[in-house]
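2 protein chains.
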Amino acid sequence: MIEDKNQQRTKLSDIGEFGLIDHLTKNFKIKRKSTLKGVGDDAAVLNFKDKNIVVTTDLLVEGVHFDLSYMPLKHLGYKAIIVNLSDVYAMNAQATQVTVSIAVSNRFPLEALEELYAGMETAASIYGVDVVGGDTTSSTSGMLISVTAIGEVVPQNETYRSGAKPNDLLVVTGDLGAAYMGLQVLEREKEVYKVNPQNQPDLELYTYIIERQLKPEARKDIIKLLEDLKVKPTSMIDISDGLSSEIMHLCKHSKVGCDLYEEKIPLDPQVISTCEEFNIDSTTVALNGGEDYELLFTISQADFPKIKANPNLTVIGYMKEATEGAHLVTRADTKIPLKAQGWKNFND
Amino acid sequence: MIEDKNQQRTKLSDIGEFGLIDHLTKNFKIKRKSTLKGVGDDAAVLNFKDKNIVVTTDLLVEGVHFDLSYMPLKHLGYKAIIVNLSDVYAMNAQATQVTVSIAVSNRFPLEALEELYAGMETAASIYGVDVVGGDTTSSTSGMLISVTAIGEVVPQNETYRSGAKPNDLLVVTGDLGAAYMGLQVLEREKEVYKVNPQNQPDLELYTYIIERQLKPEARKDIIKLLEDLKVKPTSMIDISDGLSSEIMHLCKHSKVGCDLYEEKIPLDPQVISTCEEFNIDSTTVALNGGEDYELLFTISQADFPKIKANPNLTVIGYMKEATEGAHLVTRADTKIPLKAQGWKNFND
């Protein structure tokens, strides 16, 4: 669909492992003061003085997390970095370094990996992180990307999943469900393409939701905003699996309950119209869709005046005693228990 | 060959991703003072005061780096940790934390992953490192393990691949070639097993070399020894790809040449006898075999008296001007240029 059939192809076996690492990482420039030594030795060397370090890691597997028939490799590289940075920001920390390992089968030429790394370099550059190490190896089938992200935070700013108290407000950034609906559109176009490869899809109605799927952003800006507003969340998590799962994580780790108000869930108009077109309930999409990479956090009610005017932040509920459980309060004012769905990627 | 056909099998799809992470990591206890927060949030939180941090990462792919027909899962878990710790020690640093991500297909039951994690836990426990995070996901085929290791080092002790000077002595720990010959024996037994599954292999003659392949150790002890001896290597690297490649790395990064003496290369008697049996040249095995996870380093000649009596350390050559190149000086006193081979795992 997006593939260029005439692209240049250099076999990976013509380069060898050592040559490949050098080649793919040669554009990675060191930007962070804390990076003393980047790619090229047994390990990277980092220095952080009075700050704590946060570390997080994610695996992206072809056929499970991405489909190269509609995911351009540059976007995939970008997204692989973003999903990890999002976890760092969810600690109220600044992302500083990443390591990147890839396993690829021989079907990928060098030029494909260059595209992938160009996307990673773009994300690293925009978010101000250094790529300080990695590994490249062959796989028996498909592509797999493993990214580890490192960040720094002054100890008093650390924000965990635990820490939410009853009566704290539940706040979400941006809007939800767009990445999932973008995926639905892309999957549909893939089926159309299979039937008629000459068909040129008109995706103009879906630009926002497709971009949210193919090129998500992490909310580095929110960490800065919270600092400027002098708001320290009592708990925080990023939305990778869907709002419902993430709320359950906060409740479990903080030992609290929650009321989430359906009418407050922020949805983009394109999500609403595409949900109507696909005959899917938009609340279900927001609750279980995932891949939004927005931040979900709780604040003390005393901090409400500081955030209430901000268009990036929406109060969607409040925390309760654990014994009261976690519920969705629907528009019809009925209460439905929330369920953690997560990625069901071990299903047969 | 080793598989127990009657083992208990719990489907991964019965547990789900969140349950699986909790289940597999519940035995990981925090041992390190620098670990403020381990598994269970968006990221781990670490604290290092006046030390630098080293980070390294490795991917192990089924069918490329390991073969489960003779690699018990517990050993595989152990080895996955060891190969990363080895990179940390090669920086003259102490390993402190690791993150572990795995991608597995549905053919693995829960009990298989428990074995894998038990091996990881054993290695983490023996080497005193904390498992602080990770990711579990499904793969479309086979198993893939991604480990990132973190360590700490006081700045004046950092040892890079660069730093070797002409006339520095080239020193290697332990002995070489055993892991490769262990693999040859295991591959042969696998072929025998294919022909006759009733055949009980007698591996008593090969216990050392098979253990070196299936359950390698990282040279944490050498970092302590160097500290006790007050020897700071001028450069250091671990031997994962083979002596020849690693010497070439030191030469390239340090901009020096090298003379390596064939007669000095330390070989275990079991390696020599197995090489004779397989009709393979033992020097070739030591140079190109890999997976020894010994340390290779250079020291100033002034430090020679401090190391010369130590049975763990063997001087195998010395560094020269870059213009003189890197050579093997054979027993017949001829000079052969060294070549970097590395893992040729992108070959068709």
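So the protein lines, in turn, are chains A and B.
First residue of the first sequence: 1, per the numbering used here; consecutive thereafter.
First residue of the second sequence: 1001, per the numbering used here; consecutive thereafter.
Yeah, the Cβ is synthetic: ideal placement off N, Cα and C, and Gly gets one too.
Just so it is clear, the structure is predicted and the values come from calculations on it, not from any experiment.
Query	Result
If we define contact as Cβ-Cβ less than 9 Å, is isoleucine 102(A) a contact residue for chain B?	yes
Between which two residues does the alpha helix (DSSP H) holding threonine 137(A) run?	No alpha helix (DSSP H) holds threonine 137(A); the beta strand (DSSP E) holding it covers 130-138.
Just to confirm my understanding: we take valine 1195(B), look at its own chain, exclude 5 residues before and 5 after, and list those with CB closer than 7 Å. What are they?	none
What are the residues in the segment 288-309 of chain A lying within 8 Å of chain B by C-beta distance?	none
Would you mind listing the beta strand (DSSP E) stretches within the segment 1188-1249 of chain B that are 3+ residues and don't spill past its ends, in chain order?	1235-1238
Whose CA, out of Gly290(A), Val172(A), Cys258(A), lies closest to the CA of lysine 308(A)?	Val172(A)
Give the secondary structure of threonine 96(A) by DSSP, where H, G and I count as helix, E and B as strand, and everything else as coil.	strand
Does the Cβ of leucine 1313(B) have 16 or more other Cβ atoms within 10 Å, making it buried, or fewer, making it exposed?	buried
Counting only the same chain and skipping the five closest in sequence on each side, list residues whose C-beta sits under 8 Å from that of valine 1154(B).	Asp1050, Lys1051, Asn1052
Using a Cβ-Cβ distance cut-off of 9 Å, determine whether leucine 226(A) contacts chain B.	no
What does the alpha-carbon distance come out to for the pair valine 1045(B) and asparagine 92(A)?	11 Å
Would a C-beta distance cut-off of 9 Å place leucine 20(A) and leucine 113(A) closer than the cut-off?	yes
I'd like to check one pair, threonine 1136(B) with threonine 99(A): are the Cβ atoms closer than 9 Å?	no
Looking at C-beta atoms only, is the number of pairs between the segment 1245-1262 of chain B and the segment 1156-1172 of chain B that lie closer than 8 Å three or more?	yes
Within the continuous beta strand (DSSP E) that includes valine 61(A), where are the two ends?	52-61
Measuring only the C-alpha atoms, how far is leucine 1226(B) from lysine 1306(B)?	9 Å
Cβ closer than 7 Å: which chain A residues qualify as neighbours of isoleucine 1150(B)?	Val55
Near lysine 74(A), which residues of its chain fall below 6 Å by C-beta distance, leaving aside the five closest residues on each side in sequence?	Glu115, Ala118, Gly119
Evaluate the contact criterion for the segment 1138-1147 of chain B versus the segment 1101-1108 of chain B: three or more CB pairs, one atom per stretch, below 8 Å.	yes
Compute the Euclidean distance between the alpha carbons of glycine 133(A) and histidine 1065(B), then round it to the nearest angstrom.	20 Å
Counting only Cβ-Cβ distances shorter than 9 Å, please list the residues of the segment 56-77 of chain A near chain B, keeping chain order.	Thr56, Thr57, Asp58, Leu59, Leu60, Val61, Glu62, Gly63, Val64, His65
For the putative contact between valine 147(A) and alanine 1043(B), defined by C-beta atoms under 8 Å, what is the C-beta separation to the nearest angstrom?	About 12 Å separates the two Cβ atoms, so there is no contact after all.
Given that a residue counts as buried once 16 or more other Cβ atoms are within 10 Å of its Cβ, and exposed if not, what is proline 337(A)?	exposed
Could you please tell me which residues of the segment 1087-1119 of chain B, in chain order, have their CB closer than 9 Å to any CB of chain A?	Asp1087, Val1088, Tyr1089, Ala1090, Met1091, Ala1093, Gln1097, Thr1099, Val1100, Ser1101, Ile1102, Ala1103, Val1104, Asn1106
Any beta carbon from chain A within less than 9 Å of histidine 1253(B)'s own beta carbon?	yes
Can you tell me whether methionine 1143(B) is helix, strand or coil according to DSSP?	strand
Can you pull the chain A neighbours of glutamate 946(B), defined as C-beta to C-beta under 8 Å?	Any answer about residue 946(B) is impossible in this case: the structure gives chain B only from 1001 up to 1348.
Could you name the residues of the same chain whose beta carbon sits closer than 8 Å to that of asparagine 1199(B), not counting the 5 residues immediately before and after it, in chain order?	Val1192, Tyr1193
Assuming aspartate 268(A) and aspartate 175(A) make a contact with CB atoms under 8 Å, what is their CB distance in whole Å?	5 Å
Out of Glu1152(B), Ile1237(B), Pro1166(B), Pro1216(B), state which residue places its alpha-carbon closest to the alpha-carbon of glycine 1182(B).	Pro1216(B)
Evaluate the contact criterion for the segment 1254-1268 of chain B versus the segment 1318-1333 of chain B: three or more CB pairs, one atom per stretch, below 8 Å.	yes
Please confirm if glycine 133(A) has its CB atom under 9 Å from at least one CB of chain B.	yes
Between tyrosine 1180(B) and the rest of its own chain, which residues show a CB-CB distance below 6 Å, the 5 nearest in sequence each way excluded?	Val1285, Gly1289
So is valine 302(A) buried or exposed if we call it buried at 16+ other beta carbons inside 10 Å?	Before going on, a small fix: residue 302(A) reads as alanine here, not valine. By the 10 Å Cβ count, alanine 302(A) comes out exposed.
Here's a check: name, in chain order, each residue in its chain whose Cβ is nearer than 7 Å to the Cβ of threonine 10(A), leaving out the five neighbours to either side.	Pro109, Leu110, Glu111
Using a Cβ-Cβ cut-off of 9 Å, state whether asparagine 1052(B) counts as contacting chain A.	yes
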